[in-house]
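Have a look at the structure below before the remarks.
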Amino acid sequence: MDAIVINVDNIIERLLEKPNWKTMQIMESEVRGLCLKSRELFLQQPILLELEAPLVICGDIHGQYSDLLSIFELRGFPPLANYLFLGDYVDRGKRSLETICLLLAYKIKYPENFFMLRGNHECASVNRIYGFYDECKRRYNVKLWKSFTDCFNCLPLAAIVEEKIFCVHGGLSPDLHSMDQIRRLVRPLDIPDKGLLCDLLWSDPDRDVQGWGESSRGISFTFGVDIVTKFLNNHHLDLICRAHEVVQDGYEFFGGRQLVTLFSAPQYCGEFDNAGAIMTVDSTLLCSFQILKPSGRKFKYLCNEMNSLLSPPPPPRNATLRSTNAFTDDYLNDIEDIPISPVQAITQAANKNDQI
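The sequence shown runs 1 to 356 under the UniProt record's numbering.
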């Protein structure tokens, strides 16, 4: 097969130069080249990524291109920061093509600093229905949508940061007993309607469930705090970081701060008033949350720091979460001082009224 040649620098420049253009100024052959080259890179790297900090972790984007650019403006355009995206780049939003093309271009440009996981919307059976297929067909053609499908089928499924933070789009699976089960999967992969692959992309935590429960999505499962605790203990992990659900403040804890949900598309679909959030893991494994809150055409910035103490592991010990008024009053009402693992002592680092 001939080498894939594209001018990725020029593509990135055009995507960033006029981000408000209604028509993306990239030729079909260039978009196809992005799909082919990034697919090649995904297959060269593990299906279960093992990553080092520092790292910025982002949740669902869903075609909200201007919000993706806001994240880069906040934390630094690659390679000023290392990134891990948890999936769901396309569908629902109006500019899925710009969103996925910029992400793939950065993956090609900085393959060891920029990482992408697969979400449930990076599946043909889903994005055929929820907008991406129609956008590809309207702006290019169906053949190009199939090129994206071939690319998406090769995305990694999960990542582990510094042997302590398990990152995935959806959640856990009753079929997941060893990380080697993920490592042994051979891509390209279609996502079935049940089993390990399905659950990694589709499952959700549920406070009202003990063990495994039936999902209201009609696919996969929900899982309780007991499942999270058992998983972390069995695999010597401290935190699960996942996406997949809209949460009002952009991030939301579960199970005594053993799991956090990130959602990075503020004012989702123009129908919600949610904030978006990203999580930064620094070189000492201190985790902080940066929140984008839509306020007209501006964004408010809030940073809450989560003292992970994940760095070269100290002897096991408990920390205590101290509530402060940097959270909303409603959130504070639900918080008490409780024992948590060393990864999850939280301090507050910025006033939520600060502007960016």
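Even for Gly, the Cβ is constructed at its ideal location relative to N, Cα and C.
None of these values were measured; they are calculated from a predicted model.
**CA-to-CA distance, G211 to D226, given in whole angstroms** = Cα-Cα distance, rounded: 6 Å.
**Request:** Report back the beta-carbon spacing between S264 and I61 to the nearest angstrom; my notes put them in contact at under 8 Å.
**Result:** For S264 against I61, the beta-carbon gap comes to about 6 Å, under 8 Å, which counts as contact.
**Request:** Specify, as a first and last residue, the run of the alpha helix (DSSP H) that M179 falls within.
**Result:** M179 to R183
**Request:** Leaving aside the five residues before and after I100 along the sequence, list all residues of the same chain whose C-beta is less than 6 Å from its C-beta, in chain order.
**Result:** Y89 and V90
**Message:** Taking the straight line between their C-alpha atoms, what separation do you get for L16 and F85?
**Reply:** Answer to the nearest angstrom: the Cα atoms are 19 Å apart.
**Request:** Check R207 in the structure and name its three-state DSSP category.
**Result:** Here DSSP, grouped into helix, strand and coil, assigns R207 to coil.
**Request:** Let me know the secondary structure DSSP gives I12 once reduced to three states.
**Result:** Residue state, collapsed to three classes: helix.
**Message:** Considering Cα atoms alone, identify which of L43, G93, V126 and I165 is closest to T261.
**Reply:** Of the candidates L43, G93, V126 and I165, the one whose C-alpha sits nearest the C-alpha of T261 is I165.
**Prompt:** Which of helix, strand or coil does DSSP assign to T320?
**Reply:** No answer about T320 holds up, because its pLDDT of 21 lies below 50 and its placement is not dependable.
**Prompt:** Over what stretch of residues does the beta strand (DSSP E) that includes F253 continue unbroken?
**Reply:** Y251 to F254 is the extent of the beta strand (DSSP E) around F253.
**Request:** Taking 7 Å as the cut-off, decide whether the C-beta atoms of C35 and F114 are in contact.
**Result:** no
**Request:** Give the C-beta separation of L200 and V168 to the nearest angstrom, bearing in mind that I take them to be a contact with Cβ-Cβ under 8 Å.
**Result:** 5 Å
**Asked** Hey, is C101's beta-carbon within less than 7 Å of any beta-carbon in chain D?
**Response** Within the model displayed, chain D is absent; a lone protein chain is all it includes.
**Cutoff 7 Å; reference L144; Cβ partners in own chain excluding five residues on either side** = E28, V31, R32 and C136
**Asked** Out of curiosity, what's the CA-to-CA distance linking N10 and E98?
**Response** For N10 and E98, the distance between alpha carbons rounds to 14 Å.
**Request:** Flag this pair as yes or no: are the beta carbons of L55 and N82 separated by less than 7 Å?
**Result:** yes
**Message:** Given a cut-off of 7 Å on the beta-carbon distance, is the pair M279 and F272 in contact?
**Reply:** It is not a contact, given that the beta carbons lie outside the stated cut-off.
**Message:** Can you check which of these residues, I182, T222, F72 and T284, is closest to L48 by C-alpha distance?
**Reply:** I182
**Which of helix, strand or coil DSSP assigns to residue 357** = The first residue shown for the chain is 1 and the last is 356, placing residue 357 beyond what the model contains.
**Request:** Give the C-beta separation of P266 and D134 to the nearest angstrom, bearing in mind that I take them to be a contact with Cβ-Cβ under 8 Å.
**Result:** So it is not a contact: roughly 24 Å between Cβ atoms.
**Request:** Apply the 10 Å Cβ neighbour rule to V8 and answer buried if 16 or more other Cβ atoms are within range, or exposed otherwise.
**Result:** V8 comes out buried.
**Request:** For I278, write down the residues that DSSP places opposite it in a beta bridge.
**Result:** C58 and Q290
**Message:** Beta-carbon within less than 6 Å of Q64's beta-carbon, same chain only, minus the 5 sequence neighbours each way: which residues are those?
**Reply:** Within the same chain, Q64 has close Cβ partners G93 and A265.
**Request:** Can you give me the Cβ contacts of S39 inside the same chain, cut-off strictly under 7 Å, excluding the 5 residues immediately before and after it?
**Result:** Going by the sequence as given, residue 39 is Arg instead of Ser. These residues qualify, in order along the chain: D150, C151 and C154.
**Prompt:** Is DSSP giving K298 helix, strand or coil here?
**Reply:** For K298, the pLDDT reaches just 43, beneath the cut-off of 50, and the residue's location in the model is therefore unreliable, although a value from the coordinates is still provided. If DSSP states are grouped into helix, strand and coil, K298 belongs with the strands.
**Asked** When the distance is taken between beta carbons, is A275 closer than 7 Å to G59?
**Response** no
**Item:** Own chain residues within Cβ distance below 6 Å of P188, not counting five before or after
**Value:** N153 and C154
**Asked** In this structure, does DSSP put T99 in helix, strand or coil?
**Response** helix
**Request:** Go through its chain and collect everything with a Cβ distance to D190's Cβ below 7 Å, but skip five positions before and after it.
**Result:** N153
**Message:** What does the alpha-carbon distance come out to for the pair L176 and F231?
**Reply:** 9 Å
**Message:** Determine whether the beta carbon atoms of S224 and V209 lie at a separation below 7 Å.
**Reply:** Note on identity: in this sequence residue 224 is Gly, with Ser being the wrong assignment. Taking 7 Å as the Cβ cut-off, G224 and V209 qualify as a contacting pair.
**Message:** Quick check on this structure: which residue in K109, L285, L80 and S220 has the alpha carbon closest to the alpha carbon of I6?
**Reply:** Put simply, of K109, L285, L80 and S220 the residue whose alpha carbon is nearest the alpha carbon of I6 is K109.
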